[in-house]
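Protein chains: 2
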Amino acid sequence: MRKINILKPILVSNKQRAIENRKKFDSMNSLVINIIASPGAGKTSFIYRVVEHFKRNYRVLIIEGDIRGQVDSECLLKLKVDVIQINTLTECHLDAFMIAQVLPKIKKKYDLVLVENVGNLVCPAEFEIGEDYKLAILSTPEGDDKPLKYPLLFHLSKVVVINKCDLLPYVDFSLKKAKAGFKKENPKIKIFDVSAKTGKGFEKVYRFLERELKVKKKGFRR
Amino acid sequence: MRKINILKPILVSNKQRAIENRKKFDSMNSLVINIIASPGAGKTSFIYRVVEHFKRNYRVLIIEGDIRGQVDSECLLKLKVDVIQINTLTECHLDAFMIAQVLPKIKKKYDLVLVENVGNLVCPAEFEIGEDYKLAILSTPEGDDKPLKYPLLFHLSKVVVINKCDLLPYVDFSLKKAKAGFKKENPKIKIFDVSAKTGKGFEKVYRFLERELKVKKKGFRR
Numbered sequence: 028m029r030k031i032n033i034l035k036p037i038l039v040s041n042k043q044r045a046i047e048n049r050k051k052f053d054s055m056n057s058l059v060i061n062i063i064a065s066p067g068a069g070k071t072s073f074i075y076r077v078v079e080h081f082k083r084n085y086r087v088l089i090i091e092g093d094i095r096g097q098v099d100s101e102c103l104l105k106l107k108v109d110v111i112q113i114n115t116l117t118e119c120h121l122d123a124f125m126i127a128q129v130l131p132k133i134k135k136k137y138d139l140v141l142v143e144n145v146g147n148l149v150c151p152a153e154f155e156i157g158e159d160y161k162l163a164i165l166s167t168p169e170g171d172d173k174p175l176k177y178p179l180l181f182h183l184s185k186v187v188v189i190n191k192c193d194l195l196p197y198v199d200f201s202l203k204k205a206k207a208g209f210k211k212e213n214p215k216i217k218i219f220d221v222s223a224k225t226g227k228g229f230e231k232v233y234r235f236l237e238r239e240l241k242v243k244k245k246g247f248r249r
Numbered sequence: 028m029r030k031i032n033i034l035k036p037i038l039v040s041n042k043q044r045a046i047e048n049r050k051k052f053d054s055m056n057s058l059v060i061n062i063i064a065s066p067g068a069g070k071t072s073f074i075y076r077v078v079e080h081f082k083r084n085y086r087v088l089i090i091e092g093d094i095r096g097q098v099d100s101e102c103l104l105k106l107k108v109d110v111i112q113i114n115t116l117t118e119c120h121l122d123a124f125m126i127a128q129v130l131p132k133i134k135k136k137y138d139l140v141l142v143e144n145v146g147n148l149v150c151p152a153e154f155e156i157g158e159d160y161k162l163a164i165l166s167t168p169e170g171d172d173k174p175l176k177y178p179l180l181f182h183l184s185k186v187v188v189i190n191k192c193d194l195l196p197y198v199d200f201s202l203k204k205a206k207a208g209f210k211k212e213n214p215k216i217k218i219f220d221v222s223a224k225t226g227k228g229f230e231k232v233y234r235f236l237e238r239e240l241k242v243k244k245k246g247f248r249r
């Protein structure tokens, strides 16, 4: 109870700041996706494939959130697109103020801004950053019970990517059960089964994002 | 910066409460282990095996922390030991006050209290609950770079269990690299490689915990 009293005003002021960030991104017609998953679910590998596909025809920016270090940024820089690193130090999530702090560094108009949040299924879902929408990733070794245990994230996400489907023969994970869990939390959620390792399933992701980018370019707000 | 100013006094008052909890557990010679890992790393399966092994000769209590629901408690109740469920609702971690709230429910003297924290590598490391020590679990599909990315947890843990070693042939995970990372953060850390699915590697875990339980029973404080 003690902490909830503190959390509420923080979330309200965060929401205000997120709206400001969103206006700025909208003014550039940037599609901003807040990517949220557990540690090691494959956020960076997912981003790598998406950027590799879109960088020829779209201007892409990656904002990389980590507690400490820049292991993922170093990997993503190989793609030769712009990457901004945010180190949260003690914080388990990105918030709208952290994004606001890096906004002045954004000098170009980007079509696609992919934000890799800190590896965590809880707080990143609570803190809006000014995104068009959240994209959650769940990897098969984590288990098909996660929609039950972390309902807020899946309730708020427009898209969920089930990653590491190449491991399905070796882990106890029912795609059917997981999908039913996602749909229960959010009947409209869009689900993709992929393997960021092998690339399987990404064609559908690309087609979906291509449509989203075109809509955004026309200045259509979500 | 805004949030760190709030976090500090919270952590100080939490620490005070954790010391009180610890006194209570010590008065009963209970060995209390705070088990921390990502969602789906195998905390419940690890606890299942440990309890199954020790319940014949020791009195065991499980304290189960989840945002919502009681999927894991229901699984652990099959072991026919006492389980106390804590639902944190919005919180991404257990804290000393939540443990204090359930202390009055603890009517018996338990030799071993296993606390399954909320699935998260960040905040659970910051909030002491009155434990003897933290035991971290990292599963192989999460990747061997986690000690670099979540240094605090591995710095503070006495033990780290590398779980899902049965998946080693199918994932990019170097045991050598992971172990070097753990040792860099914490040269004294005790490392076990296991598979909670097959049971491989657990004999060493049991021997270690058996020694710990004997020491604690003699009333030796860590």
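Chains as they are written, first to last, in the working numbering: chain A, 28 to 249; chain B, 28 to 249.
We put the CB at the ideal spot given by N, CA and C, even for glycine.
Open item on the list: Quick check on DSSP: helix, strand or coil for Asp-171 (chain A)?
Closed with: Indexing the first sequence from 1 puts residue 171 (chain A) at position 144. Note: Asp-171 (chain A) maps to coil in three-state DSSP.
Task: C-alpha gap between Lys-243 (chain A) and Leu-58 (chain A), whole angstroms - done: Within the first sequence, residue 243 (chain A) is the residue found at index 216, counting from 1. Within the first sequence, residue 58 (chain A) is the residue found at index 31, counting from 1. Distance between Lys-243 (chain A) and Leu-58 (chain A), taken at the CA atoms: about 6 Å.
- [ ] Tell me where the alpha helix (DSSP H) around Asp-99 (chain B) begins and ends.
- [x] The sequence position of residue 99 (chain B) within the second sequence is 72, counting from 1. Where Asp-99 (chain B) is concerned, the enclosing alpha helix (DSSP H) stretches over 98-103.
Task: Neighbourhood of Leu-202 (chain A) by C-beta, 6 Å cutoff - its chain only, sequence neighbours within 5 removed - done: Start at 1 with the first residue of the first sequence, and residue 202 (chain A) comes out as number 175. Result list for Leu-202 (chain A): empty, nothing under 6 Å.
TODO: Look up Tyr-160 (chain A) in the DSSP assignment and say whether it is helix, strand or coil.
DONE: Locating residue 160 (chain A) in the first sequence gives position 133, counting from the first residue. Reduced to three states, the DSSP call for Tyr-160 (chain A) is strand.
- [ ] Round the Cβ separation of Gly-228 (chain B) and Phe-219 (chain B) to the nearest angstrom and send it over; I've been treating them as touching at under 8 Å.
- [x] Along the second sequence, read from residue 1 onward, the residue named residue 228 (chain B) stands at position 201. Along the second sequence, read from residue 1 onward, the residue named residue 219 (chain B) stands at position 192. That belief holds up - the Cβ atoms of Gly-228 (chain B) and Phe-219 (chain B) are roughly 6 Å apart, short of 8 Å.
TODO: Using three-state DSSP, classify Phe-181 (chain B) as helix, strand or coil.
DONE: Here residue 181 (chain B) corresponds to residue number 154 of the second sequence, with the count starting at 1. Phe-181 (chain B): helix per DSSP, three-state reduction.
Task: Any chain A beta carbon closer than 8 Å to Thr-225 (chain B) - done: By one-based count along the second sequence, residue 225 (chain B) stands at place 198. Using a CB distance cut-off of 8 Å, Thr-225 (chain B) does not count as an interface residue toward chain A.
- [ ] List the residues that DSSP assigns as beta-bridge partners of Val-78 (chain A).
- [x] Numbered from 1 along the first sequence, position 51 holds the residue referred to as residue 78 (chain A). Answer by DSSP bridge pairing: none, since Val-78 (chain A) is not bridged.
Task: Three-state secondary structure assigned by DSSP to Glu-143 (chain A) - done: Within the first sequence, numbered from 1, the residue matching residue 143 (chain A) stands at position 116. Correct three-state label for Glu-143 (chain A): strand.
Open item on the list: I'd like the list of long-range same chain contacts for Lys-135 (chain A), defined as Cβ closer than 7 Å, with 5 residues on each side in sequence excluded.
Closed with: On the first sequence, residue 135 (chain A) is found 108 positions in, with the first residue counted as 1. Around Lys-135 (chain A): Arg-86.
TODO: Output, in chain order, the set of chain A residues within a Cβ distance shorter than 8 Å of Arg-83 (chain B).
DONE: In the second sequence, counting from the first residue as 1, residue 83 (chain B) sits at position 56. Residues of chain A passing the Cβ test: none, with the nearest at roughly 27 Å.
Open item on the list: Please report the distance separating the alpha-carbon of Ile-31 (chain A) from that of Asp-199 (chain A).
Closed with: Looking up residue 31 (chain A) in the first sequence gives position 4. Looking up residue 199 (chain A) in the first sequence gives position 172. Since pLDDT at Ile-31 (chain A) reaches only 45, below the 50 mark, its modelled position is unreliable, and the value read off the structure follows with that caveat. One alpha carbon belongs to Ile-31 (chain A), the other to Asp-199 (chain A), and they sit about 36 Å apart.
Task: Within chain B, partners of Cys-119 (chain A) - CB distance below 8 Å - done: The residue given as residue 119 (chain A) occupies position 92 in the first sequence. Cys-119, Asn-147, Val-149 and Cys-150, listed in chain order.
Task: Contact the stretch 157-172 of chain B vs the stretch 94-101 of chain B: 3+ CB pairs below 8 Å - done: In short, these stretches do not touch, since the Cβ pair count stays below three.
TODO: Using 7 Å as the cut-off, classify the Cβ of Asn-144 (chain B) as near or not near the heavy atoms of the ligand FMN, replying yes or no.
DONE: Only the bare structure without any ligand can be found here, which leaves the ligand FMN out of the picture.
TODO: Return no unless some Cβ of chain A is closer than 8 Å to the Cβ of Gly-274 (chain B).
DONE: Because chain B spans 28 through 249 in this model, residue 274 (chain B) falls outside it and cannot be assessed.
Open item on the list: Strictly below 8 Å CB to CB, what residues from chain A border Asp-93 (chain B)?
Closed with: In the second sequence, residue 93 (chain B) corresponds to position 66, counting from 1. Correct list: Lys-176.
Open item on the list: So with CB distances below 8 Å, who are the chain A contacts of Tyr-137 (chain B)?
Closed with: On the second sequence, position 110 is the one that residue 137 (chain B) refers to. None at all; the shortest Cβ gap to chain A is about 26 Å.
Task: chain A within 8 Å of Ile-31 (chain B), Cβ atoms only - done: Counted from its first residue, the second sequence places residue 31 (chain B) at position 4. Note that Ile-31 (chain B) scores a pLDDT of 45, beneath 50, so its modelled location is shaky and nothing firm can be said.
Task: Own chain residues within Cβ distance below 6 Å of His-182 (chain B), not counting five before or after - done: Here residue 182 (chain B) is taken as the residue at index 155 of the second sequence, counted from 1. For His-182 (chain B), where only same-chain residues beyond five positions count, the Cβ hits under 6 Å are Glu-212 and Asn-213.
Task: Reference Gln-128 (chain B), options B:Glu-143, B:Leu-103, B:Pro-174 and B:Ile-156, closest by Cα - done: Locating residue 128 (chain B) in the second sequence gives position 101, where the first residue counts as 1. Shortest Cα-Cα distance from Gln-128 (chain B) to any of B:Glu-143, B:Leu-103, B:Pro-174 and B:Ile-156 involves B:Ile-156.
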